[in-house]
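The sequence shown begins at 67 in my numbering and counts up one residue at a time.
Each residue gets a CB set at the ideal place from its N, CA and C atoms; glycine is no exception.
Take a look at the structure set out below.
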Amino acid sequence: MSDLDTTLAAGQALAAVHTAVDQVINAALFYGPGALALTATVAAFRVCAWAADRYHQAVQDRADRREYTARAFRLCRVADSADAVLALGDNTVNEYLDNKLAATPDLAPEEGR
Numbered sequence: 067m068s069d070l071d072t073t074l075a076a077g078q079a080l081a082a083v084h085t086a087v088d089q090v091i092n093a094a095l096f097y098g099p100g101a102l103a104l105t106a107t108v109a110a111f112r113v114c115a116w117a118a119d120r121y122h123q124a125v126q127d128r129a130d131r132r133e134y135t136a137r138a139f140r141l142c143r144v145a146d147s148a149d150a151v152l153a154l155g156d157n158t159v160n161e162y163l164d165n166k167l168a169a170t171p172d173l174a175p176e177e178g179r
């Protein structure tokens, strides 16, 4: 951006602020200070509600990141364990799996038993 662009942007921003202030003054003169105070109160409430929503969203995002990180860590541990078992050799892997199968309780028995 050149200096001319910056100057034009600053002028537009100043004009927008001037227009907003002018509108507030006109509203105060036309509607009275009570309506202006009510508008300010509603605006403040909306800003506080927006800030609270943003805060709660940030807290939830942090909790989600912690959960995803913990899940990824557990999956890496499972993968490392599987790599260690598979590195033992075919006979040892089969023996390891047979021992795991024998030690696992049957939580879903077949029907008809």
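Host alpha helix (DSSP H) of Glu161 (start-end): Asp156 to Ala169
Leu173 by DSSP, collapsed to three states: which one? coil
Could you tell me the boundaries of the alpha helix (DSSP H) in which Ser147 lies? Pro99 to Leu152
Quick check: Leu102 and Ala109, are their CB atoms within less than 7 Å of each other? no
Would you check if the distance between the CB atom of Tyr162 and the CB atom of Val144 is smaller than 7 Å? no
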